[in-house]
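Comments concern the structure below.
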Amino acid sequence: MSFDKHLIRKYNIPGPRYTSYPTVPYWEADSFSEDRWRASVSEAFSASNAKEGISVYIHLPFCESLCTFCGCHKHITKRH
Numbered sequence: 040m041s042f043d044k045h046l047i048r049k050y051n052i053p054g055p056r057y058t059s060y061p062t063v064p065y066w067e068a069d070s071f072s073e074d075r076w077r078a079s080v081s082e083a084f085s086a087s088n089a090k091e092g093i094s095v096y097i098h099l100p101f102c103e104s105l106c107t108f109c110g111c112h113k114h115i116t117k118r119h
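Shown next as structure tokens:
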């Protein structure tokens, strides 16, 4: 297996985790309504995934065990 050292140097930087969409910098508590959220998500999906479809991640924060997979808020519980 070979690696492109230029690409490794280019992308070997910390970046945000995308656990919500739209991402936090676009949230405006006083004007970000459910309708605006729906329109924003629809517009983003249409612009970036028109030919490929979309991937949707739904986080249910009630995990039975602690893992290192995600950095999201979680509540460890056996009570469903």
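Per the numbering used here, the sequence shown starts with residue 40, numbered consecutively. All C-beta atoms, glycine included, are put in the ideal place defined by N, C-alpha and C. Remember, predicted model here, so these are calculated numbers, not experimental data.
CB contact flag (residue i, residue j, <8 angstroms)
i	j	result
I115	L99	no
K117	C102	no
Backbone CA spacing between residue i and residue j [nearest angstrom]
i	j	result
M40	N51	19 angstroms
T107	S70	35 angstroms
K90	E82	14 angstroms
K49	F42	13 angstroms
D74	H45	43 angstroms
S79	I97	17 angstroms
W76	P53	27 angstroms
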